[in-house]
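Protein sequence lines, in the order shown, are assigned to chains A and B. Position 106 (the first sequence) corresponds to 106 in my numbering; numbering is contiguous. Position 56 (the second sequence) corresponds to 56 in my numbering; numbering is contiguous. First the structure, in the form of structure tokens, and then the observations on it.
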Amino acid sequence: MIEVGIAVALVILGYIFGSAAERRHFKSIIKRERELNRLAAVATRFPPEDTAWRQQLVTGNVVIASDYFKTFTASLINIFGGKVTPFESLIDRARREAMLRMKADAQSLGAEYIFNVKYNTSRISQFGAGAIEVMAYGTALTPPE
Amino acid sequence: MLISNLEFLPGYKIKRHLGLVQGSSVRAKHVGRDLMATLKNIFGGELTAYTELLQDSREEATARLVEQATSIGANAVLNVRFSTSSIAAGAAEIFVYGTAVELEDD
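So, in structure tokens, the structure goes:
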């Protein structure tokens with residue numbers, strides 16, 4: 001009985017803190033995406049050859065943990081199958097955050113483009129649904145001085 | 001040392017291909033950090049300690065890649081790729097590889 005109580009309490013705590021954190025995070029992501037909108041990040045492998053661009057590898061990474069509510073609902077969905085929306089938003093946050101950090105890195109170099117952007121996703125840690133790590137990397141092109 | 005994940009660089013000519021170079025690094029956090037992460041799993045959010053750990057790990061792997069490239073006389077590494085895998089409980093391996101080349105101004 002006590003165990004059930006603890007589990008229910010954890011789910012409620014996870015829901016309250018987890019969804020508040022998610023809302024805050026999305027708000028911050030949208031704000032920063034607008035600020036960095038001008039810096040184009042593309043997946044093309046071939047950079048323009050008109051200028052002698054300076055180039056440098058830029059990276060951005062983030063590790064985001066799942067909350068107890070997400071882990072719990074995901075395990076319920078796992079029984080019946082279907083879209084695991086709690087994890088969809090989690091991974092979306094991680095990807096966009098990694099992209100933003102990469103862009104911030106490029107902006108600090110004064111870059112105008114990031115070419116050949118690649119994402120790398122991996123599952124971190126042994127416990128529960130654990131956490132996911134997303135890394136974004138690409139080559140920043142900076143106009144010559 | 002120029003590191004890029006493009007296959008060629010505008011303004012440069014590839015003089016010599018020197019083959020694949022690589023670097024890797026395996027790291028783990030101490031138990032206290034893992035415990036904190038377990039707590040964080042209730043509330044959700046970013047695990048800053050792990051973000052930093054992986055960042056450091058990546059830098060070290062890249063340093064090893066550069067070291068290897070330098071030793072064979074390369075001045076650039078092109079088409080660099082990163083890969084991550086968790087090889088044991090609590091430990092992650094970061095692997096970085098690319099093609100070592102000798103570049104020349106066009």
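Glycine included, every Cβ here is placed at the ideal spot set by N, Cα and C. On a predicted model such as this, the values are computed, not experimentally measured, just so you know.
Beta-carbon of residue i versus every beta-carbon of chain B: anything under 8 Å?
i               : result
N37 of chain A  : no
P47 of chain A  : yes
G14 of chain A  : yes
N61 of chain A  : yes
L57 of chain A  : yes
A22 of chain A  : According to the sequence displayed, residue 22 of chain A carries Glu and not Ala. Yes, because at least one Cβ of chain B sits closer than 8 Å to the Cβ of E22 of chain A.
F72 of chain A  : no
R123 of chain A : yes
S66 of chain A  : yes
F80 of chain A  : no
G110 of chain A : no
Could you pull the start and end residues of the beta strand (DSSP E) that residue i belongs to?
i               : result
E22 of chain A  : First-last for E22 of chain A: I2 to E35, but that is the alpha helix (DSSP H), not the beta strand (DSSP E).
F115 of chain A : Y113 to I124
L20 of chain B  : Y12 to A28
M135 of chain A : A131 to T142
G110 of chain A : Run containing G110 of chain A: none; DSSP gives neither H nor E here.
R46 of chain B  : A small correction: the amino acid at residue 46 of chain B is Glu; Arg does not occupy that position in the sequence shown. G44 to E46 is the span of the beta strand (DSSP E), which, as asked, contains E46 of chain B.
Would you verify that the beta carbon of residue i is, or is not, closer than 8 Å to some beta carbon of chain A?
i              : result
I71 of chain B : It should be noted that the sequence gives Ser, not Ile, for residue 71 of chain B. Closer than 8 Å: no.
V66 of chain B : no
L6 of chain B  : yes
F95 of chain B : no
I87 of chain B : no
R16 of chain B : no
V80 of chain B : yes
Q55 of chain B : yes
T99 of chain B : no
A37 of chain B : yes
E46 of chain B : yes
R27 of chain B : no
N41 of chain B : yes
R33 of chain B : no
S24 of chain B : no
So, residue i versus residue j, is the Cβ gap smaller than 8 Å?
i               : j               : result
V21 of chain B  : Q55 of chain B  : no
A61 of chain B  : S24 of chain B  : yes
A98 of chain A  : V42 of chain A  : no
G11 of chain B  : K70 of chain A  : no
D92 of chain A  : G14 of chain A  : no
L109 of chain A : A74 of chain A  : no
M102 of chain A : A131 of chain A : no
L39 of chain A  : A106 of chain A : yes
L103 of chain B : L6 of chain B   : no
V80 of chain B  : I14 of chain B  : no
L100 of chain A : L10 of chain A  : no
A49 of chain B  : R33 of chain B  : yes
P144 of chain A : R34 of chain A  : no
S122 of chain A : T84 of chain B  : yes
S57 of chain B  : L57 of chain A  : no
G138 of chain A : I114 of chain A : yes
N120 of chain A : R45 of chain A  : no
I6 of chain A   : V63 of chain A  : no
R96 of chain A  : I16 of chain A  : no
L9 of chain B   : I72 of chain B  : no
Can you give the beta carbon distance from residue i to residue j, rounded, assuming they're within the 8 Å contact cut?
i               : j               : result
E65 of chain A  : A91 of chain B  : Note that residue 65 of chain A corresponds to Ala in the displayed sequence, not to Glu. Not quite, the Cβ-Cβ distance comes to about 18 Å (not below 8 Å), so this is no contact.
M1 of chain B   : V66 of chain B  : 5 Å
A111 of chain A : T142 of chain A : 5 Å
Show which residues of chain E have a CB atom less than 7 Å away from the CB atom of residue i.
i              : result
G11 of chain B : Considering every chain present, this structure includes no chain E. Its protein chains are A and B.
### Query
At which residue ranges does the region 45–89 of chain A contain complete alpha helix (DSSP H) runs of 4 or more residues, listed in the order of the chain?
68–80
### Query
Counting only runs that start and end within the region 61–102 of chain B, where is the beta strand (DSSP E) found for 3 or more residues in a row?
76–88
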